[in-house]
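Remarks on the structure that follows.
Chains as they are written, first to last, in our numbering: chain B, 510 to 613; chain W, 510 to 613.
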């Protein structure tokens, strides 16, 4: 059976006020919105295509900011729009994961 | 390569104040917390095991409340603790999805 979304992308947006670091301190909210907007403008949003999702803590805080792409189960970190663009263009559109941004 | 989490479970917790229905109106917050607590008490939480995650809108509002389990890509709806228990015991522990709760 095929997946409801071809690529379901979860951005950790968790914010911690003290102690452990968190993805929200690395501009995760802004870059999730950027990714969602770019996917929509490419006509790739929706069932059978791509969903850019908000998520709570994915519990890889020290490696953050993190996203995970399912059903592949591929994890990434990122810094800015150019990293998000590369993940979209290479992986979500082209089917080729971006090795330099992958987490083990 | 094996998945960072054997089962990564996302509960839609989206709340809408008007218009379309939403998972939050179906006790999603309380049942996500229940699932997380039960997985922890079973010793199943963590890398290589199970993660019970909070998520924003999964965009299947009319079928809600919904959860999705990755990397399998299996979607469920649920009503109460007994449904959550069945998903945990049969699927997450036993490896057998719960057909009566699955979404197409």
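Just so you know, even glycine gets a beta-carbon here, dropped at the ideal spot from N, CA and C. Everything numeric in this text was worked out from a predicted model, so none of it was measured.
The three-state secondary structure of residue 525 of chain W, taken from DSSP, is coil.
In terms of beta-carbon proximity, residue 567 of chain W lines the interface with chain B, with at least one pair separated by less than 8 Å.
Contact of residue 537 of chain W with chain B by beta-carbon distance below 7 Å is absent, the smallest such distance being about 12 Å. Remark: C-beta atoms of residue 549 of chain B and residue 514 of chain B do not approach each other more closely than 8 Å. Using a Cβ-Cβ cut-off of 8 Å, residue 560 of chain W is close to 567, 568 of chain B, given in chain order. Taking C-beta separations shorter than 6 Å and ignoring five residues to either side along the sequence, the partners of residue 577 of chain W in its chain run 519, 584, following chain order.
Selection W/605, W/528, W/580 evaluated against residue 511 of chain B yields W/580 as nearest (Cα-Cα). With its beta carbon less than 8 Å from one in chain W, residue 563 of chain B belongs to the interface. Segment contact: the region 593-600 of chain B against the region 523-533 of chain W, fewer than three CB-CB distances shorter than 8 Å; contact not assigned.
At a cut-off of 8 Å between beta-carbon atoms, residue 574 of chain B makes no contact with chain W. In this structure, residue 612 of chain B places its C-beta atom within 8 Å of the C-beta atom of residue 569 of chain B.
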